[in-house]
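**Q** Here you go, one structure.
Residue numbers (the working numbering): 1 to 654.
Written out as structure tokens, the structure reads:
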């Protein structure tokens, strides 16, 4: 912990370092506030009004931007007295001026007092620091929300209890009342319920048994495990538990170490879930993106189209899948993994001696019912229904006959326009509900389980989705708080002169990896970073004088690196849920799994950082970036890796 804090504390300190803070030559002075109006002046460092300012200046009042005429350096602004906080921001001669103040209505009219803008960073920073110290995301987010609510309530000690109540009766309720948020929650729980049903009815086992016929050698067994990790893309928990527990008997037969199986399982689960179009992850990510888009009236793109565009910058998830494939095809390993594989092949010891691990409740919930046939179509039909249903939903909600009737528009541009205009929340909700219906009907109609047993299984799947849904709700609440406090505006004012907006992707990628590693939660990392990173990037682009199209080109990689960095930290973290589940499902010693996987994750993470640094200098084509990344992966494996001897079971010889 002391090493973690020794890294993050200097970062926090730099927020208040005079070398980083911009020294403004001008300031916003509030002359008075009364009757819903505020008289403001622009003054110099000595407090003297600038009488030579006699023109319109674009001013942002809370989240509304408009041109305000100034006469002799002053103007009158309409202020809504119902707002607790009022935020003013203007760009004067290249300098960004901010002012945040608290309004209070009383018998003597409206009074105000300043809120130091640096306080706006405290709620997310406190949430991060507490998550690092206590390794508990939920508690940390609640404390961050409480602090933010207290600041919004004017730092009044008499409001400290009411500020705590506001966390739930204002911010949490508002988050759960949002129509898009409800759609995300419904989609998430439907997927969780469907996963439980198709696992219990033997459908997923049937799919795996079908593919396992190709596992007739050590290399092919690893390839099947890798391929299954990609096929079961819709949920990282299901991926980890099902592939690990099912492939273990097959990998044992070919003396593949449990550490290697755990690595393949763990390092395909989250990357695939982060990349696929239809997963339990995408609902959360779309929610964060949509929250950002809702605050910007001049962006025409949808959350779904931005997500698709961001995939071209998902270097870590993509290169991780390529890295695993290269290890398998080249039959090489390095570091602790090489020692583990060599031990298994030469001695038959698949794992280091350890005490027997207890089976987890989650593993048992996903075990198929005893004495039932494993029919692959009981899983593939519901999954295919969700995939095809989502595509159909996107077409139905985004179809524009004018666009499709225009022969001058290329086909792929028409598809992009359709997806861009689609209501992805409706599409995902429709598809997931139909997929659940198919899973339930197939199970009941074949007599695999009774109606009661099927619904009980479905509800057990919903239960497994409660933790991410709780994080989502708290994340949406924190986003609302940071929006009211204008945290992104403050951060932008600190680093705008020191850091190029194009350098943000590599900085945020590293920060996301660090937070995810320390907390063990990709969802928690996204909850903390998305509400800050997206508005911060927008504000930095705006203050740098970029056009909206140029700013959106910066937003796209930011969407990707938050998630990619979260996955990297998740792979390296010994307290990550998927890392722990991978160890359990593969029956691998947990410490051994972490030690053998970390060198591989750091290698790919380093390559990803290198590609993001290249992005800072030149915006490489996706295929060029992947080509460079793949060559670097090959170079690392070929240089550091050592060939693993093959083992053939007796019944395979001859």
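Backbone N, C-alpha and C fix where the C-beta goes; we use that ideal spot for every residue, glycine too.
Which whole-angstrom value describes the C-beta separation of residue 374 and residue 206, a residue pair presumed to lie in contact below a C-beta threshold of 8 Å?
**A** Translated into the one-based positions of the chain shown, residue 374 becomes position 374. Translated into the one-based positions of the chain shown, residue 206 becomes position 206. Right, the Cβ-Cβ distance comes to about 4 Å (below 8 Å), so this counts as a contact.
**Q** Grab me the residues of residue 223's own chain with a C-beta within less than 7 Å of its C-beta, minus the 5 sequence neighbours each way, in chain order.
**A** Start at 1 with the first residue of the chain shown, and residue 223 comes out as number 223. Cβ within range, chain order: 328.
**Q** List, from N- to C-terminal side, the alpha helix (DSSP H) runs of 4 residues or more that fit wholly inside the segment 77-159.
**A** Listed in chain order, the complete alpha helix (DSSP H) runs (minimum 4 residues) inside the segment 77-159 are 122-134, 137-152.
**Q** I need the DSSP call for residue 587, collapsed to helix, strand or coil.
**A** Residue 587 sits at position 587 when you count from the first residue of the chain shown. Coil.
**Q** Examine the Cβ distances between the segment 41-49 and the segment 63-82 and report whether three or more of them are shorter than 8 Å.
**A** Output reads yes: the segment 63-82 touches the segment 41-49.
**Q** Please name the residue in 571, 516, 401, 609 whose C-alpha comes closest to that of residue 504.
**A** Position 504 of the chain shown, counted from the start, is the residue given in the question as residue 504. Minimum Cα distance to residue 504 is reached at 609.
**Q** Identify every run of the alpha helix (DSSP H) within the segment 296-348, keeping only runs that are complete inside it and at least 4 residues long; order them along the chain.
**A** You should have 303-310, 315-330, 336-347.
**Q** Flag this pair as yes or no: are the beta carbons of residue 601 and residue 568 separated by less than 8 Å?
**A** Against the chain shown, residue 601 aligns to sequence position 601. Against the chain shown, residue 568 aligns to sequence position 568. In this structure, residue 568 lies closer than 8 Å to residue 601 by Cβ.
**Q** Whole angstroms is fine: what's the gap from residue 663's alpha carbon to residue 169's?
**A** Summary: the structure shown does not reach residue 663, with the chain confined to residues 1 through 654, and so no result is reported for it.
**Q** For residue 59, which three-state DSSP category applies?
**A** Position 59 of the chain shown, counted from the first residue, corresponds to residue 59. It is a strand residue.
**Q** Is DSSP giving residue 486 helix, strand or coil here?
**A** The residue given as residue 486 occupies position 486 in the chain shown. Note: residue 486 maps to coil in three-state DSSP.
**Q** What is the DSSP secondary structure of residue 369, counted as helix, strand or coil?
**A** For the purposes of this step, residue 369 is taken as the residue at position 369 of the chain shown. DSSP places residue 369 in coil when its eight states are reduced to three.
**Q** Please look up how many angstroms separate the CB atoms of residue 597 and residue 371, rounded, as I've assumed it's under 8 Å.
**A** Within the chain shown, numbered from 1, the residue matching residue 597 stands at position 597. Within the chain shown, numbered from 1, the residue matching residue 371 stands at position 371. No, residue 597 and residue 371 are not in contact; Cβ-Cβ is about 37 Å, not under 8 Å.
**Q** So, for residue 595: in the same chain, excluding its five sequence neighbours on each side, which residues have a beta-carbon less than 7 Å away from its beta-carbon?
**A** Residue 595 sits at position 595 when you count from the first residue of the chain shown. Cβ within range, chain order: 336.
**Q** If you check the beta carbons only, do residue 573 and residue 514 fall under 8 Å apart?
**A** Counted from its first residue, the chain shown places residue 573 at position 573. Counted from its first residue, the chain shown places residue 514 at position 514. No. Outside cutoff.
**Q** Comparing alpha-carbon positions, which option in 428, 62, 332, 499 lies nearest residue 295?
**A** Residue 295 sits at position 295 when you count from the first residue of the chain shown. Checked all of 428, 62, 332, 499; the closest Cα to residue 295 is 62.
**Q** So, with DSSP's three-state summary, where would you put residue 410?
**A** The residue you call residue 410 lines up with position 410 of the chain shown. Residue state, collapsed to three classes: coil.
**Q** Please confirm whether residue 163 and residue 150 have their CB atoms less than 8 Å apart.
**A** Locating residue 163 in the chain shown gives position 163, where the first residue counts as 1. Locating residue 150 in the chain shown gives position 150, where the first residue counts as 1. The answer is yes: Cβ separation under 8 Å.
**Q** Kindly indicate which three-state DSSP category residue 71 falls into: helix, strand or coil?
**A** Taking the first residue of the chain shown as 1, we reach residue 71 at position 71. Three-state result, residue 71: strand.
**Q** Do you know how far the Cα of residue 376 is from the Cα of residue 185?
**A** In the chain shown, residue 185 corresponds to position 185, counting from 1. In the chain shown, residue 376 corresponds to position 376, counting from 1. The alpha-carbon atoms of residue 185 and residue 376 are separated by roughly 28 Å.
**Q** Check whether the Cβ atoms of residue 330 and residue 637 sit closer than 8 Å, and answer yes or no.
**A** Stepping through the chain shown from its first residue, residue 330 is reached at position 330. Stepping through the chain shown from its first residue, residue 637 is reached at position 637. Yes. Within cutoff.
**Q** Go through its chain and collect everything with a Cβ distance to residue 251's Cβ below 6 Å, but skip five positions before and after it.
**A** In the chain shown, the residue the question calls residue 251 occupies position 251. Around residue 251: 221, 261.
**Q** For residue 49, which three-state DSSP category applies?
**A** By 1-based counting over the chain shown, the position of residue 49 is 49. Of the three classes helix, strand and coil, the one that applies to residue 49 here is strand, per DSSP.
**Q** Can you give me the start and stop residues for the alpha helix (DSSP H) that residue 170 sits inside?
**A** Looking up residue 170 in the chain shown gives position 170. Taken as a continuous stretch (DSSP letters only), residue 170 belongs to no alpha helix (DSSP H), as it is neither H nor E.
**Q** Mind checking residue 618: buried by the 16 CB within 10 Å criterion, or exposed?
**A** On the chain shown, position 618 is the one that residue 618 refers to. With fewer than 16 other Cβ atoms within 10 Å, it is exposed.
**Q** Hey, could you find the ends of the beta strand (DSSP E) residue 448 is sitting in?
**A** Taking the first residue of the chain shown as position 1, residue 448 is located at position 448. Element bounds for residue 448: n/a, residue is neither H nor E.
**Q** Would you say residue 587 and residue 100 are within 8 Å of each other, going by their C-beta atoms?
**A** Numbered from 1 along the chain shown, position 587 holds the residue referred to as residue 587. Numbered from 1 along the chain shown, position 100 holds the residue referred to as residue 100. No.
**Q** Starting from residue 28, trace the beta strand (DSSP E) in both directions and tell me its first and last residue.
**A** The residue labelled residue 28 in the question sits at position 28 within the chain shown. 26-34 is the span of the beta strand (DSSP E), which, as asked, contains residue 28.
**Q** Less than 8 Å between the beta carbons of residue 476 and residue 175, yes or no?
**A** Walking along the chain shown from the start, residue 476 turns up at place 476. Walking along the chain shown from the start, residue 175 turns up at place 175. Contact flag set, yes.
**Q** Classify residue 216 as buried or exposed, calling it buried when 16 or more other Cβ atoms lie within 10 Å of its own Cβ.
**A** Numbered from its first residue, the chain shown carries residue 216 at position 216. The residue in question, residue 216, is exposed, as its Cβ has fewer than 16 Cβ neighbours within 10 Å.
**Q** Roughly how many angstroms separate the alpha carbons of residue 339 and residue 564, rounded to a whole number?
**A** Locating residue 339 in the chain shown gives position 339, counting from the first residue. Locating residue 564 in the chain shown gives position 564, counting from the first residue. C-alpha separation (whole angstroms): 29 Å.
**Q** Tell me, to the nearest whole angstrom, how far the beta carbon of residue 531 is from that of residue 313; I am working on the premise that it is less than 8 Å.
**A** Taking the chain shown and counting its residues from 1, one reaches residue 531 at position 531. Taking the chain shown and counting its residues from 1, one reaches residue 313 at position 313. Not confirmed; about 20 Å, so no contact.
**Q** Across which residues does DSSP place residue 42 in a beta bridge pair?
**A** Position 42 of the chain shown, counted from the first residue, corresponds to residue 42. According to DSSP, residue 42 bridges with 28.
**Q** Helix or strand or just coil, what does DSSP make of residue 351?
**A** For the purposes of this step, residue 351 is identified with residue 351 of the chain shown, where counting begins at 1. Looking at residue 351 - three-state DSSP - the assignment turns out to be coil, as it is neither helix nor strand.
**Q** Go through its chain and collect everything with a Cβ distance to residue 490's Cβ below 8 Å, but skip five positions before and after it.
**A** By one-based count along the chain shown, residue 490 stands at place 490. Excluding residues within five positions, the ones whose Cβ falls inside 8 Å are 98, 117, 118, 120, 121.
**Q** If you follow the alpha helix (DSSP H) that residue 270 is in, where does it begin and where does it stop?
**A** Position 270 of the chain shown, counted from the first residue, corresponds to residue 270. 258-275 is the span of the alpha helix (DSSP H), which, as asked, contains residue 270.
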